[in-house]
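Chains as they are written, first to last, in this note's numbering: chain E, 877 to 1201; chain B, 8 to 345. Ideal Cβ placement from N, Cα and C applies to all residues, glycine included.
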């Protein structure tokens, strides 16, 4: 396996008023070159924290364990200076809300050239040239004039394209995209997904995609891991995980989704209850209070993530959705 | 006569030193008892402005808004009467629409006291009943909003609206801040409330997929105008406006098939400078000469469906633009062969 980024045993504890709380628990995954790896989960599942940990962007007092091997280096062991050289240059990030991730008082041109000059040592003229080329690549009309404009002069979809251009400026090898289309309309979302898909096909960019939207995952992710309450419940190829979910949580999420392709009058079946807060996660399998298949052992034992073939893994010893042979 | 009726409503925002912005440029729709009407469209199409105009939070510049046969007046300093309060609103974000410093029960009981609907001694009981109706335990009354998740808070906001004994509730993106499982729960709750209480609901949403599961009727808005209305099932079977068709094709499918949804070229134009002719023509794959100069009126097609598009004539069959296009290209092929 030629994994570009390989995360093993990642645990994150965050300080709260009630002491340290485990937000991410033994997370493993590998991102390969030119592939889109998806981390899915509802809010509070720890998916965002797990990637912020890789880039050293956690709040003061956070404890991180595990390793994150990227190009022969452990990101979690790097000092601040070395990490700063990786961040934005080799691993870049796009956030959910382009209204808050872009600086409102700085021109697009300045935001697009600042880190290019810092990381790649480009001259002002060369950085500007690169910026124009990037805006062209993400299909911003009139790139030259866009450089002098401010974020508020663009629509939400355009702003997200600009945020992607900024992230791509230093030719990163990994792009971390945290809910990049959640704030956008579906028509605009489709354009962004096609853009990301084109980038990984043409330039071999690896994308670590974080979203709660399984529809978005289905259209773009090659591999998918589903998180619940800080732990992985199921992982594998997107086709397999979404086509034949094995964990009751994944299956429940899919049944709760309005499916455009579903037959008429398919009712939305919601999962009872709501996800636990990180400081109040239940013992045993964190999903047991909401699971219709829960057995007494689920209340006590934390289910291990076990291989079930085809590079799939499942954390459910009951495995009620297995196809009988 | 419908419970809530909007006729040719226009809303214009005046702006200092700039041309006025017509956010709603003549929109009509109606909501009946027990009916869920979905109003969908992209950001900036004017759907939230129309929702606010429907409840009197936004003054209209033209057209009428009638609720239970009375004109809805813009909200002023005067308290709303019991009759006027039968039109309620639920907002998108339950984190900001609920008061963080007051107990859930007190917030729900407010309208009972203000409107004099329930005597003081019976309010606790009524609050418990309302909480039960939205699927929360009675002890929720003694707790604070922050003790609840987003979905539960939206239930509290709905209970608060129900306390005024409404006949119509306007909901502005009530589901979009919620996770998938909470979204399904609240969607099913709304559907049940409309059925059990004979409530009329006007549901504003950008998400056509969720609207399909709740709404009986869907109205599609584009750049300040309603471009298509139809019973939900039939809209889904055969969208008649090219914009509706594009909205449907852009919805991703969570089936693991790897199918990439189709985007709509271009951007929503600036509502201060709408394109001439049909407002959708610069983005429409089917646009022809007439669309560039003449704005299509909203016409009746088959039973209960309306559409504003030059591809369709009054009383026409239900056909999607793409089936037209396929047929047209098939004809072109034949012509080529001849």
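Please report the Cβ distance between residue i and residue j, rounded to the nearest whole angstrom; I am assuming they are in contact, meaning their Cβ atoms lie under 8 Å.
i: residue 235 of chain B; j: residue 313 of chain B; result: 7 Å
i: residue 211 of chain B; j: residue 242 of chain B; result: With a Cβ gap of about 16 Å, residue 211 of chain B and residue 242 of chain B do not count as contacting.
i: residue 914 of chain E; j: residue 1101 of chain E; result: 7 Å
i: residue 48 of chain B; j: residue 213 of chain B; result: 7 Å
i: residue 1189 of chain E; j: residue 1112 of chain E; result: 7 Å
i: residue 208 of chain B; j: residue 79 of chain B; result: The pair is not a contact, with the Cβ atoms about 17 Å apart (cut-off 8 Å).
CA-CA distance, residue i and residue j?
i: residue 315 of chain B; j: residue 191 of chain B; result: 32 Å
i: residue 882 of chain E; j: residue 1071 of chain E; result: 25 Å
i: residue 862 of chain E; j: residue 1025 of chain E; result: What the structure shows of chain E is the stretch from 877 to 1201, and residue 862 of chain E is not part of that stretch, so it cannot be assessed.
i: residue 23 of chain B; j: residue 45 of chain B; result: 34 Å
i: residue 14 of chain B; j: residue 1148 of chain E; result: 41 Å
i: residue 946 of chain E; j: residue 1004 of chain E; result: 30 Å
i: residue 941 of chain E; j: residue 1093 of chain E; result: 28 Å
i: residue 146 of chain B; j: residue 184 of chain B; result: 25 Å
i: residue 908 of chain E; j: residue 1082 of chain E; result: 7 Å
i: residue 266 of chain B; j: residue 1129 of chain E; result: 19 Å
i: residue 1027 of chain E; j: residue 118 of chain B; result: 42 Å
i: residue 106 of chain B; j: residue 154 of chain B; result: 12 Å
i: residue 27 of chain B; j: residue 52 of chain B; result: 16 Å
i: residue 141 of chain B; j: residue 1150 of chain E; result: 15 Å
i: residue 35 of chain B; j: residue 1143 of chain E; result: 30 Å
i: residue 99 of chain B; j: residue 215 of chain B; result: 16 Å
i: residue 1076 of chain E; j: residue 1044 of chain E; result: 11 Å
i: residue 309 of chain B; j: residue 328 of chain B; result: 16 Å
i: residue 1213 of chain E; j: residue 222 of chain B; result: The displayed coordinates of chain E run from 877 to 1201. Any statement about residue 1213 of chain E would go beyond what the structure contains.
i: residue 998 of chain E; j: residue 990 of chain E; result: 10 Å
i: residue 150 of chain B; j: residue 1108 of chain E; result: 33 Å
i: residue 929 of chain E; j: residue 949 of chain E; result: 15 Å
i: residue 345 of chain B; j: residue 307 of chain B; result: In this prediction, residue 345 of chain B scores a pLDDT of 41, lower than 50, which makes its location untrustworthy; no coordinate-derived value is stated.
i: residue 225 of chain B; j: residue 1169 of chain E; result: 38 Å
i: residue 1057 of chain E; j: residue 971 of chain E; result: 9 Å
i: residue 954 of chain E; j: residue 1185 of chain E; result: 35 Å
i: residue 134 of chain B; j: residue 10 of chain B; result: 26 Å
i: residue 1181 of chain E; j: residue 1106 of chain E; result: 13 Å
i: residue 108 of chain B; j: residue 116 of chain B; result: 15 Å
i: residue 292 of chain B; j: residue 286 of chain B; result: 13 Å
In terms of residue numbering, what span does the alpha helix (DSSP H) encompassing residue i cover?
i: residue 211 of chain B; result: That residue, residue 211 of chain B, is in no alpha helix (DSSP H); its beta strand (DSSP E) goes 207–212.
i: residue 1132 of chain E; result: 1124–1132
i: residue 116 of chain B; result: 111–121
i: residue 1063 of chain E; result: 1062–1079
i: residue 986 of chain E; result: 984–996
i: residue 973 of chain E; result: Premise fails: residue 973 of chain E is in no alpha helix (DSSP H) and is neither H nor E.
i: residue 353 of chain B; result: The question about residue 353 of chain B has no answer here: the residues shown for chain B are numbered 8 through 345.
i: residue 237 of chain B; result: Residue 237 of chain B -> not in any alpha helix (DSSP H); beta strand (DSSP E) instead, spanning 232–238.
i: residue 1008 of chain E; result: 1000–1013
i: residue 1033 of chain E; result: 1032–1044
i: residue 309 of chain B; result: Careful: residue 309 of chain B lies outside any alpha helix (DSSP H) and carries neither H nor E.
What are the boundary residues of the beta strand (DSSP E) that includes residue i?
i: residue 68 of chain B; result: Unbroken run through residue 68 of chain B: none, as it is neither H nor E.
i: residue 942 of chain E; result: 939–946
i: residue 1098 of chain E; result: Where residue 1098 of chain E is concerned, there is no enclosing beta strand (DSSP E), given that its DSSP letter is neither H nor E.
i: residue 1203 of chain E; result: Past the boundaries of the shown model lies residue 1203 of chain E; chain E is included only from 877 to 1201, so the question cannot be answered.
i: residue 907 of chain E; result: 895–908
i: residue 256 of chain B; result: Careful: residue 256 of chain B lies outside any beta strand (DSSP E), inside the alpha helix (DSSP H) at 249–256.
i: residue 17 of chain B; result: 11–20
Does any residue of chain D have a CB that is nearer than 8 Å to the CB of residue i?
i: residue 323 of chain B; result: This model lacks chain D altogether; the protein chains it does include are E and B.
| message | Three or more C-beta pairs under 8 Å: does that hold for the stretch 1132–1139 of chain E against the stretch 247–267 of chain B? | response | Under the Cβ criterion (8 Å, minimum of three pairs), the stretch 1132–1139 of chain E counts as touching the stretch 247–267 of chain B.
| task | Output, in sequence order along the chain, the residues in the stretch 1074–1089 of chain E whose CB is closer than 9 Å to any CB in chain B. | result | Per Cβ criterion, the list reads 1088 and 1089.
| task | Compile a chain-ordered list of the residues in the stretch 62–90 of chain B whose CB is closer than 9 Å to at least one CB of chain E. | result | Listed in chain order, the positions of the stretch 62–90 of chain B with a beta carbon within less than 9 Å of a beta carbon of chain E would be empty, since no residue qualifies.
| Are the stretch 1161–1177 of chain E and the stretch 1186–1200 of chain E touching by the rule of at least three beta carbon pairs closer than 8 Å? | Segments in contact, yes.
| Contact residues within the stretch 1104–1118 of chain E, judged by C-beta distance below 9 Å to chain B | Within the stretch 1104–1118 of chain E, the qualifying residues are 1113, 1114, 1115, 1116, 1117 and 1118.
| Chain-ordered residues of the stretch 933–959 of chain E with a beta carbon less than 8 Å from chain B | So the list is empty, because no residue satisfies the distance condition.
| contact_flag[the stretch 1076–1087 of chain E, the stretch 914–928 of chain E] where n(CB pairs < 8 Å) is 3 or more | Cβ pair count under 8 Å is three or more, so yes.
| Three or more beta-carbon pairs under 8 Å between the stretch 55–72 of chain B and the stretch 18–37 of chain B, yes or no? | Contact holds: three or more Cβ-Cβ distances are below 8 Å.
| the stretch 197–209 of chain B / the stretch 276–287 of chain B touching (three or more Cβ pairs under 8 Å) | The stretch 197–209 of chain B is not in contact with the stretch 276–287 of chain B.
| Inter-stretch contact (C-beta, 8 Å, three-pair minimum) for the stretch 890–901 of chain E and the stretch 1057–1066 of chain E | No, they do not touch.
| query | For the stretch 1142–1157 of chain E, which residues have a beta carbon sitting closer than 9 Å to at least one beta carbon of chain B? | reply | Against chain B - using a Cβ distance shorter than 9 Å - the residues of the stretch 1142–1157 of chain E are 1142, 1143, 1144, 1145, 1146, 1147, 1148, 1149, 1150, 1151 and 1153.
| said: Any C-beta of chain E within less than 8 Å: which residues of the stretch 234–246 of chain B qualify? | reply: Within the stretch 234–246 of chain B, the residues whose Cβ lies closer than 8 Å to some Cβ of chain E are 240 and 243, listed in chain order.
| query | Which residues, in chain order, does the stretch 146–168 of chain B contribute to contact with chain E at a C-beta distance below 8 Å? | reply | Contact residues of the stretch 146–168 of chain B toward chain E are 156, 157, 158 and 159 (C-beta to C-beta distance below 8 Å).
| query | Using a beta-carbon distance cut-off of less than 7 Å, what residues from the stretch 44–63 of chain B approach chain E? | reply | Per Cβ criterion, the list reads 49 and 50.
| field | Contacting positions in the stretch 257–271 of chain B - beta carbon closer than 9 Å to chain E | value | For the stretch 257–271 of chain B, which is checked against every Cβ of chain E, the residues closer than 9 Å are 257, 258, 259, 260, 261, 262, 263, 264, 265, 266, 267, 268, 269, 270 and 271.
| query | Looking at chain B, which residues of the stretch 1043–1063 of chain E have a Cβ within less than 7 Å of any of its Cβ atoms? | reply | Of all residues in the stretch 1043–1063 of chain E, 1061, 1062 and 1063 have a Cβ within less than 7 Å of some Cβ in chain B.
| request: Name, going along the chain, the residues of the stretch 209–226 of chain B whose beta-carbon falls closer than 7 Å to a beta-carbon of chain E. | output: Against chain E - using a Cβ distance shorter than 7 Å - the residues of the stretch 209–226 of chain B are 213, 216, 217, 219 and 220.
| query | Mind listing which residues of the stretch 1013–1030 of chain E have their C-beta closer than 7 Å to chain B's C-betas, in chain order? | reply | Residues passing the 7 Å Cβ filter: none.
| Quick one, which residues of the stretch 273–295 of chain B are near chain E if we go by CB-CB under 8 Å, in chain order? | For the stretch 273–295 of chain B, which is checked against every Cβ of chain E, the residues closer than 8 Å are 274 and 275.
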